[in-house]
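Visitor: Let me begin by handing over the structure; questions about it come next.
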Amino acid sequence: MPHHHVDSYTRNYGSDAYTVERYELELKIKLSSNLLEGTAVLSIRALEPLATVALNLTGLRIAKALCQGRRLATRRRGPQQLIRLATKLAPGERTELVIRYTGNPRTHDGIWGEIGWEELTDGVLVAGQPTGASTWFPCNDHPRHKSTYRFEITTDAGYTAVCNGRFIEQRRAASRHTWIYEQSEPMASYLATVQIGLYQQLPLDSTGRLLAYAPPAAAQRVRGAFSRQPEMAELFERCFGPYPFEQYKVVVADDELEIPLEAQGLSIFGVNHLSMDWEAQRLIAHEFSHQWFGNSLTLDSWKHIWLHEGFACFAEWLYSEASGDLDLATRAAQAWELLDAQAKDIIVADPGAPDMFDDRVYKRGALALYVLCRTLGRDPFFAMLRSWTETNRHAHVDTDRFLAHAQDHAPDGVNVHALLDPWLFAKPLPLLPAG
Ligand SMILES: [Zn+2]
């Protein structure tokens, strides 16, 4: 079978031969033994003539794959499960796969550290970026594909399961509780998540749109650390346009986490991030801004990661200024100094898989936006950003399209390529415009 990679950054993940329109995941999770029993119903649409469906599933075993009641043959190839359809699909044709699977899910370890399903001291966390989704459900694991989701999570009584999307209902049996969520806005697989812990729900504002889930003992500190979340929401809506989802949920795990994590409509922090210090507040702003840049507007291939991370870093600086801390120009100058002291061997718009989450991509990406903001002027710059998020809401983006969009909003005589190419496509660090 001919085999081409959807994305050279994440080889063997994702397929362009078909798309999954909807995932319905019914998971039974036993925390003491970290045992997962899952049924995944995938609504598939062929994009090419499709005889074999290549799904990603790692560390778990398929017990049975069914299509219209017929059992299908499956075979493993690296991180892929190849499922042979009984009848070949023509492009545009749909079918439904039912996959029963089981095992002890765990992170997979690679150049980006440990990603995927992770056992906490008392619960579960999922860190999906970039290829961690396959550690807990069979999926077409590339962000170029977005799908709707239903999650039905059954786990030990007393624990709270938090997933993306709207909470539908909770069912209680003697020792097991079931939590149901519906994610109706399209979502990339790496942003799908389940978080399980001894969590209490805390409102972060009066509208019910901002919610925290945290260990009861941390409630006071959570209220403190996230006290500016409503203010942040106002600022970001003013700068980036309407918040793209129904709710924003913050999960605070009862563990220390090296870095917070983003998921769609949801961010995950550790107890070590509960502080009013800049270092914690900037991460709270950073993760929140990913709801626009990353989750609603999602990269078309991983090399465009600066369209998520550069924008999120720029959002930190905006929040710094708006909250009375250092202004945009000072944050930019500090970032430039930091970059100047480091190796200048990275291409921001195509950093390569190992450096995709390198801090230089974040900082230099943010500086490119800062330079654009100075050149366009603040009001036209934010108008450009708001139309960027509106035009590409719940869709996909790449660097060329962003540059073309910015050019459309630039005053006569400004050449956006000439302005930003040195920041995005060359290694030497350009000088920062003075003042
Ligand atoms: Zn980020």
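Position 79, counted from 1, in the sequence shown is what numbering that gives the first Met the number 0 calls 78; the numbers after and before it change by one each time, with no gaps.
Virtual Cβ for every residue (Gly too), placed ideally from N, Cα, C.
(1) Is the stretch 256 to 264 close to the stretch 325 to 343, with three or more CB pairs under 8 Å?
(2) Only counting runs of 3 or more residues, tell me where the beta strand (DSSP E) segments fall wholly within the stretch 377 to 407, in order along the chain.
(3) Is A311 a contact residue of ligand 1, with contact defined as CB to any heavy atom under 6 Å?
(4) Of the choices L119, W111 and T94, whose alpha-carbon is the least far from that of G131?
(5) Classify E320 as helix, strand or coil using the three-state DSSP reduction.
(6) For C238, write down the residues that DSSP places opposite it in a beta bridge.
(7) Count the other CB atoms within 10 Å of the CB of I167; is the residue buried (16 or more) or exposed (fewer)?
(8) Using DSSP bridges, identify the partner residues of Q182.
(9) Note down the Cα distance separating R93 from E245, rounded to an integer number of angstroms.
(10) Distance, Cα to Cα, R21 vs A433?
(11) Considering Cα atoms alone, identify which of A340, Q341, W316 and A367 is closest to R330.
(12) Quick one: what does DSSP say S42 is sitting in, helix, strand or coil?
(13) Any heavy atom of ligand 1 inside 6 Å of the beta-carbon of E47?
(14) Give the straight-line distance between the Cα atoms of G164 and G412, rounded to the nearest whole angstrom.
(15) Helix, strand or coil, according to DSSP, for I345 in the structure here?
(16) Please report the straight-line C-alpha distance between Q341 and R363, rounded to a whole angstrom.
(17) Can you tell me whether L201 is buried or exposed? The criterion is at least 16 other CB atoms within 10 Å of its CB, across all chains shown.
(18) Report yes if the C-beta distance between S188 and T147 is below 7 Å; otherwise report no.
(19) With a threshold of 6 Å on Cβ separation, who are the neighbours of K63 within its own chain once the five nearest residues in sequence on each side are excluded?
(20) Return the chain-ordered list of same chain residues with a C-beta closer than 8 Å to the C-beta of Q199, the five sequence neighbours on each side being excluded.
(21) My output table needs one value for A332: the three-state DSSP class, helix, strand or coil.
(22) Could you name the residues that DSSP lists as bridge partners for P202?
(23) Going by the C-beta, is E236 closer than 6 Å to any heavy atom of ligand 1?
(24) Can you determine whether any heavy atom of ligand 1 sits closer than 6 Å to the C-beta of E278, and answer yes or no?
(25) Does the distance between the C-beta of E308 and the nearest non-hydrogen atom of ligand 1 fall short of 6 Å?
(26) At what residues does the alpha helix (DSSP H) containing K362 begin and finish?
(27) To the nearest angstrom, how far is the alpha carbon of V415 from that of H393?
(28) Assuming the contact rule is C-beta atoms closer than 8 Å, L366 and L431 should be a hit. Round their C-beta distance to whole Å, please.
(29) Which residue's Cα is closest to the Cα of R237: L81, A53 and F381?
(30) What is the DSSP secondary structure of R220, reduced to helix, strand or coil?
(31) Between E308 and the rest of its own chain, which residues show a CB-CB distance below 7 Å, the 5 nearest in sequence each way excluded?
(32) How many angstroms separate the CA atom of I28 from the CA atom of E36?
(33) Can you say whether L34 is buried or exposed, counting buried as having 16 or more other CB atoms within 10 angstroms of its CB?
(34) Between the alpha carbons of L59 and G102, how many angstroms are there, rounded?
Guide: On the basis of the data shown:
(1) no
(2) 394 to 396
(3) As a first step, residue 311 is located in the sequence shown; it is residue number 312 there, counting from the start. Answer for A311: yes, Cβ within range of ligand 1.
(4) Looking up residue 131 in the sequence shown gives position 132. Ranking the options by Cα distance to G131, first place goes to W111.
(5) The residue given as residue 320 occupies position 321 in the sequence shown. Of the three classes helix, strand and coil, the one that applies to E320 here is helix, per DSSP.
(6) By 1-based counting over the sequence shown, the position of residue 238 is 239. Paired residue(s): none; C238 is not in a bridge.
(7) To locate residue 167, count along the sequence shown from 1; it is residue 168. Label assigned to I167: exposed.
(8) The count along the sequence shown starts at 1 and reaches residue 182 at position 183. In the DSSP output, where bridge partners are listed per residue, Q182 has Y148.
(9) The count along the sequence shown starts at 1 and reaches residue 93 at position 94. The count along the sequence shown starts at 1 and reaches residue 245 at position 246. R93 and E245: Cα-Cα distance of roughly 29 Å.
(10) For the purposes of this step, residue 21 is taken as the residue at position 22 of the sequence shown. For the purposes of this step, residue 433 is taken as the residue at position 434 of the sequence shown. Going from the Cα of R21 to the Cα of A433 covers about 50 Å.
(11) Residue mapping note: residue 330 aligns to position 331 of the sequence shown, counting from 1. Per the Cα distances, W316.
(12) By one-based count along the sequence shown, residue 42 stands at place 43. Of the three classes helix, strand and coil, the one that applies to S42 here is strand, per DSSP.
(13) Within the sequence shown, the letter at position 48 stands for residue 47. Not so, every heavy atom of ligand 1 lies at least 6 Å from the Cβ.
(14) Sequence index remark: in the sequence shown, residue 164 carries index 165 (1-based). Sequence index remark: in the sequence shown, residue 412 carries index 413 (1-based). Approximately 45 Å, taken between the alpha carbons.
(15) Looking up residue 345 in the sequence shown gives position 346. In this structure, I345 counts as coil in the three-state DSSP scheme.
(16) Here residue 341 is taken as the residue at index 342 of the sequence shown, counted from 1. Here residue 363 is taken as the residue at index 364 of the sequence shown, counted from 1. Those two C-alpha atoms are separated by around 12 Å.
(17) The residue you call residue 201 lines up with position 202 of the sequence shown. It counts as buried.
(18) What you label residue 188 is simply residue 189 of the sequence shown in a count that begins at 1. What you label residue 147 is simply residue 148 of the sequence shown in a count that begins at 1. Cβ atoms of S188 and T147: not closer than 7 Å.
(19) One-based indexing of the sequence shown puts residue 63 at position 64. Around K63: R99.
(20) Taking the first residue of the sequence shown as position 1, residue 199 is located at position 200. Only T159, Y212, A213, P214, P215 and A218 meet the Cβ criterion.
(21) For the purposes of this step, residue 332 is identified with residue 333 of the sequence shown, where counting begins at 1. Of the three classes helix, strand and coil, the one that applies to A332 here is helix, per DSSP.
(22) Within the sequence shown, numbered from 1, the residue matching residue 202 stands at position 203. In DSSP, P202 forms a bridge with L210.
(23) Position 237 of the sequence shown, counted from the first residue, corresponds to residue 236. False, no ligand heavy atom lies under 6 Å from that Cβ.
(24) Taking the sequence shown and counting its residues from 1, one reaches residue 278 at position 279. Checking the Cβ of E278 against ligand 1 gives no.
(25) As a first step, residue 308 is located in the sequence shown; it is residue number 309 there, counting from the start. Answer for E308: yes, Cβ within range of ligand 1.
(26) As a working mapping, residue 362 is identified with position 363 in the sequence shown. Note, K362: alpha helix (DSSP H), D358 to L375.
(27) In the sequence shown, the residue the question calls residue 415 occupies position 416. In the sequence shown, the residue the question calls residue 393 occupies position 394. Roughly 25 Å separates the two Cα atoms.
(28) Residue numbering aside, residue 366 sits at position 367 when the sequence shown is read from its first letter. Residue numbering aside, residue 431 sits at position 432 when the sequence shown is read from its first letter. L366 to L431, Cβ: 7 Å. Contact.
(29) What you label residue 237 is simply residue 238 of the sequence shown in a count that begins at 1. Ranking the options by Cα distance to R237, first place goes to F381.
(30) Translated into the one-based positions of the sequence shown, residue 220 becomes position 221. DSSP places R220 in helix when its eight states are reduced to three.
(31) Here the question's residue 308 lines up with position 309 in the sequence shown. So the list reads V360, Y361 and G364, once near-sequence residues are dropped.
(32) Your numbering for residue 28 matches position 29 in the sequence shown. Your numbering for residue 36 matches position 37 in the sequence shown. Using only the alpha carbons, I get a separation of about 7 Å.
(33) For the purposes of this step, residue 34 is taken as residue 35 along the sequence shown, with counting starting at 1. When all chains shown are included, L34 counts as exposed.
(34) Translated into the one-based positions of the sequence shown, residue 59 becomes position 60. Translated into the one-based positions of the sequence shown, residue 102 becomes position 103. Approximately 5 Å, taken between the alpha carbons.
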